[in-house]
Amino acid sequence: MKLWLLDLDDTLLVDHRVSEEILGRLGQEAGMEGLPQAVRRKAEEFFRQAPFYPWAERIGHSALEALWARYSTPGLEALAEWAWPFRERVFQEALRELGSPEKQARELAEAFFWERRRYPLFPEVPEFLEALRAKGARLVLLTNGVPDLQREKLFGTGLGEAFDLTLVSGEVGLGKPDPRLFRMALCAFGVGQEEAVMVGDNPERDIKGALSAGIRAVWVDRGHRPKDPRYPAHLEVQDLREALALLET
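Anchor point for the sequence shown: position 165 equals 165 in full-length UniProt numbering, and the numbering is continuous, going up by one each time.
Written out as structure tokens, the structure is:
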């Protein structure tokens, strides 16, 4: 495989677990064990009511990410204005659901916003990327989300210079699983479908998109997304290094 398309969140970067850990700790400190579940429910509910939700869904920007995205990219001023009232409302309603004082809402929203800025990599990532580079593979980061947040995550990991090309859905206006995003990567390097592989953890976004574009797909099972039989990957792994076998194909 000459061209490797790599997802960021929960493929290279530990994402889901970090959010859960921080919400869980905030809940424990406030004496509310159900806080993570209540916050997720309310964030999803209110996020779907936002006027820009269809755009967010198209580029793959999630409700939990809206709780800590800065929205500093030019053109996202309306989202930046919307964000803090949304965050306060989410925590207010979560607290109300749990029978707790709503006056803590702003404090909790701010705590999550700042403490969520952690960017740990899965432990095998450096070795995996080094092995790909050693074999002369070209690397493309294919990530969904708003530009400033995905770029912040990327540079927070220290991988900012690791890729030959970075495609952020919010910058190009297309998100996975749209096959056009995958074809952009192929065209950028003049590579055929048979010479490329997509590696990601999300069956609906990563695997479906790759298959739609005629590209091989590797599903990374990180333990929090179920396998989707509608989108059968060519290879299933739990550790990225298991995918290195495809270097010789």
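Glycine included, each C-beta is placed from N, C-alpha and C at the ideal position.
Alpha helix (DSSP H) segment containing residue i, residue limits
i: L154; result: P147 to T157
i: A38; result: L35 to F47
i: L26; result: H16 to E29
i: M32; result: Note, M32: premise wrong, no alpha helix (DSSP H); not H, not E.
i: K208; result: K208 to S212
i: P123; result: Run containing P123: none; DSSP gives neither H nor E here.
i: L247; result: Premise fails: L247 is in no alpha helix (DSSP H) and is neither H nor E.
i: L55; result: Leu is not the amino acid found at residue 55; the sequence shown has Trp there. Start and end: Y53 to I59.
i: A188; result: P179 to F189
i: A50; result: No alpha helix (DSSP H) holds A50; DSSP gives it neither H nor E.
i: L64; result: A63 to A66
Residue i vs residue j beta-carbon contact at 9 Å
i: T166; j: V140; result: yes
i: V220; j: Q193; result: no
i: A66; j: A83; result: yes
i: L129; j: L159; result: yes
i: P177; j: G209; result: yes
i: L6; j: L142; result: yes
i: G175; j: G75; result: no
i: N144; j: V168; result: yes
i: V191; j: L23; result: no
Proximity winner among the options, relative to residue i (alpha-carbon distances)
i: L64; options: A134, V18 and R138; result: V18
i: G223; options: L5, L6 and T11; result: T11
i: G31; options: C187, F128 and G99; result: G99
i: L211; options: F182, P101, F189 and P226; result: F182
i: P123; options: V14, L5 and L3; result: V14
i: E45; options: V168, S72, V90 and P177; result: V90
i: R225; options: E236, N202 and Y231; result: N202
i: G173; options: A213, F86 and W55; result: W55
i: A243; options: A185, R58 and L132; result: L132
i: L235; options: R241, V218 and E161; result: V218
i: E115; options: A213, E21 and L8; result: E21
i: T73; options: G170, Q104, K42 and R48; result: G170
i: S62; options: H16, A38 and L23; result: H16
i: R118; options: W68, R241 and E29; result: W68
i: L240; options: G200, D164 and E33; result: G200
i: Q104; options: F189, D9 and E29; result: E29
First through last residue of the beta strand (DSSP E) which encompasses residue i
i: V140; result: R138 to T143
i: E107; result: From DSSP, E107 is part of no beta strand (DSSP E) but of the alpha helix (DSSP H) over A105 to E115.
i: L98; result: It is not in any beta strand (DSSP E) - L98 carries neither H nor E in the DSSP assignment.
Beta-carbon contacts of residue i that lie in its chain and below 7 Å, excluding the five residues immediately before and after
i: L26; result: L35, L108, A111 and F112
i: F52; result: L79
i: A233; result: I207, A217, V218 and W219
i: K42; result: V90, E93 and A94
i: E102; result: Q92, L95 and R96
i: Y231; result: P203, I207, K208 and L211
i: F163; result: L139, V140 and L141
Neighbour flag for residue i against chain B, beta carbons, 9 Å
i: V218; result: Absent here is chain B; the protein component of the structure consists of one chain.
Sequence-distant residues of its chain with Cβ nearer than 8 Å to residue i (five each side left out)
i: R70; result: A80, D148, L149 and E152
i: M1; result: A137, E195, A196, V197, R216, L246, L247 and T249
According to DSSP, residues forming a beta bridge with residue i
i: G200; result: W219
i: L5; result: V140 and M198
i: L165; result: V140
i: V237; result: V220
i: L13; result: D9 and L121
Same chain only: Cβ atoms within 6 Å of residue i, ignoring 5 sequence neighbours per side
i: R106; result: E88
i: A185; result: L5 and V140
Residue i beta carbon near the ligand COA (any heavy atom closer than 8 Å)
i: Y231; result: The model on display carries no ligand, and the ligand COA is accordingly not part of it.
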